Amino acid sequence: MSDSATMSVRALHRTDLPKLSLSTKAAATVLAIVAAVALPQLFHVIGAVSGQGTMLGVAFLPMHLPIIFVGLIAGPAVGAIAGAAAPLASFLLSGMPMLAMLPLMMVELCAYGLVAGLLREVKLPSLAKVVIAQLAGRVVLTAATAIAVFAFGSSKAVAATWTSDLAAGLPGLALQWALIPLAAYWTESLIAKRNH
Numbered sequence: 005m006s007d008s009a010t011m012s013v014r015a016l017h018r019t020d021l022p023k024l025s026l027s028t029k030a031a032a033t034v035l036a037i038v039a040a041v042a043l044p045q046l047f048h049v050i051g052a053v054s055g056q057g058t059m060l061g062v063a064f065l066p067m068h069l070p071i072i073f074v075g076l077i078a079g080p081a082v083g084a085i086a087g088a089a090a091p092l093a094s095f096l097l098s099g100m101p102m103l104a105m106l107p108l109m110m111v112e113l114c115a116y117g118l119v120a121g122l123l124r125e126v127k128l129p130s131l132a133k134v135v136i137a138q139l140a141g142r143v144v145l146t147a148a149t150a151i152a153v154f155a156f157g158s159s160k161a162v163a164a165t166w167t168s169d170l171a172a173g174l175p176g177l178a179l180q181w182a183l184i185p186l187a188a189y190w191t192e193s194l195i196a197k198r199n200h
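Take the sequence shown: its letters are residues 5 to 200, numbered as in the working numbering.
Here you go:
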């Protein structure tokens, strides 16, 4: 690699982020899983009380919030582990997501956490990182859905992954755009103060 290419790559790398200890990463993983299990339950309760049913969970994508956030804060391993484990923990505790959707959600959330984590040290606005993670997760979900559909039948489900799910989840995407960058900034500032 040439010197100019090396300098270009270094220019994209953040060096101001504190290194996190293994115990901090473990705690972040557990907290993200707990939040990713608890938030959908909260949305389901609010939906039941308000007569919306499960539509609030579909619209606001509450399980995605802590997974993308923890990836941005704690890195790719934490994001991927929390993303894969959260749907499984939720299924074991509540029966949700449905068994047929469980592997797809595990793959999708793992991708969200992994990509957000890979972007942790990249010099980009947090909002851009969130959008990139969202797109990557959706692409991975579409690929996983296509594999499942072609293995088990009906090709209509692949198109539905992008159209109906994306349209229904627009409020959740907007919520992620608003909350995750602010929470990431606040958390990084808090960690930096604690380490000095």
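For every residue, glycine included, the Cβ atom is placed at its ideal position computed from N, Cα and C. The structure presented is a predicted model; accordingly, all values stated were derived computationally and were not measured.
Please report the straight-line C-alpha distance between residue i and residue j, rounded to a whole angstrom.
| i | j | result |
| --- | --- | --- |
| LEU103 | SER94 | 11 Å |
| MET2 | VAL49 | Here the chain has residues from 5 to 200 only, and residue 2 is not among them. |
| GLY141 | GLY83 | 12 Å |
| GLY173 | ALA30 | 30 Å |
| ALA90 | ASN199 | 29 Å |
| LEU65 | LYS197 | 31 Å |
| VAL53 | ALA42 | 17 Å |
| VAL111 | ALA171 | 21 Å |
| PRO22 | PRO70 | 20 Å |
| ARG18 | LEU113 | 25 Å |
| TYR189 | HIS68 | 18 Å |
| VAL143 | SER25 | 32 Å |
| TRP181 | GLY75 | 15 Å |
| LEU97 | PRO44 | 12 Å |
| LEU145 | LEU177 | 16 Å |
| ALA81 | VAL119 | 10 Å |
| SER193 | LEU46 | 28 Å |
| LEU179 | ALA187 | 12 Å |
| LEU92 | ALA36 | 13 Å |
Count the other CB atoms within 10 Å of the CB of residue i; is the residue buried (16 or more) or exposed (fewer)?
| i | result |
| --- | --- |
| ALA155 | exposed |
| TYR116 | buried |
| GLY55 | exposed |
| PRO175 | exposed |
| GLY57 | exposed |
| ALA63 | buried |
| ILE184 | buried |
| LYS133 | buried |
Could you check which residue in the options has the C-alpha nearest to that of residue i?
| i | options | result |
| --- | --- | --- |
| GLN138 | LEU123, ALA42, MET59 and VAL41 | LEU123 |
| ASP20 | GLU125, PRO129 and GLY176 | GLU125 |
| LYS147 | LEU179, GLN180, PRO107 and LYS23 | The sequence as given places Ala at residue 147; Lys does not occur at that position. For the residues LEU179, GLN180, PRO107 and LYS23, the minimum Cα distance to ALA147 belongs to PRO107. |
| ALA136 | ALA40, PHE73, ALA39 and VAL38 | First, the amino acid is wrong: residue 136 is Ile here, not Ala. Ranking ALA40, PHE73, ALA39 and VAL38 by Cα distance to ILE136 puts PHE73 first. |
| LEU16 | LEU92, ALA32 and PRO129 | PRO129 |
| ALA88 | LEU131, LEU46, ILE77 and VAL38 | VAL38 |
| ILE195 | LYS127, SER98, ILE151 and ALA78 | ALA78 |
| ALA32 | ALA152, LEU183 and GLY121 | GLY121 |
| MET105 | LEU46, LEU186, THR149 and LYS127 | THR149 |
| ALA152 | MET109, GLY61 and ILE85 | MET109 |
Per DSSP, what are the beta-bridge partners of residue i in this structure?
| i | result |
| --- | --- |
| HIS17 | VAL126 |
What three-state label does DSSP hand residue i in the structure shown?
| i | result |
| --- | --- |
| GLN180 | helix |
| SER25 | coil |
| MET67 | coil |
| GLN45 | helix |
| GLN56 | coil |
| GLY121 | helix |
| PRO185 | helix |
| GLY99 | coil |
| MET110 | helix |
When the cut-off is 8 Å and only beta carbons count, does residue i lie next to chain B?
| i | result |
| --- | --- |
| VAL135 | Absent from the structure: chain B. Only one protein chain is present. |
Can you determine whether any heavy atom of the ligand ADP sits closer than 7 Å to the C-beta of residue i, and answer yes or no?
| i | result |
| --- | --- |
| ALA32 | The ligand ADP is not part of the structure shown, which contains no ligands of any sort. |
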